[in-house]
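For the sequence shown, the numbering used here begins at 22 and goes up steadily by one. The block underneath contains the structure these notes are about, expressed in structure tokens.
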Amino acid sequence: MYSTPDHYLVENPADRYAIGERTPGLVHADDGSLTLYLSHARPADPARAAHWLPAPAGDFRPMLRLYTPGASVLDGRYEIPAVERAEE
């Protein structure tokens, strides 16, 4: 999570700067998907809080890094899902 327009890492009280396969508490949906919550405020629901990546109060720039991606990523078959704004 980076600030805009300067693209600095965003400090946050949760000291969380990434979500990955080793993040405790992540639960995938039955179809294998994973919903992440990017927001300034920590979600009240503990299940959502496990999937929370703190964002600054203003604009921000999420970054997706794929380490040792599989063939479907490398050959373009895998489509990275769009970020969707959720209704509060």
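No residue lacks a Cβ here, since even glycine has one placed at the ideal position from N, Cα and C.
Contiguous beta strand (DSSP E) elements confined to the segment 39 to 92 occur at 58 to 60, 73 to 75, taking only those with 3 or more residues.
Three or more beta-carbon pairs drawn from the segment 51 to 59 and the segment 70 to 84 are found closer than 8 Å, and the two stretches are therefore classed as touching. Secondary-structure assignment with DSSP links Tyr-23 through a beta bridge to Leu-30, Arg-82. A distance below 8 Å separates the beta carbons of Ala-76 and Met-22. Cβ-Cβ separation between Ala-78 and His-61: approximately 5 Å, consistent with a contact (criterion under 8 Å). Straight-line spacing of the CA atoms in Ile-40 and Arg-98 works out to 23 Å. In this structure, DSSP gives Val-94 a helical state, which the three-state scheme calls helix.
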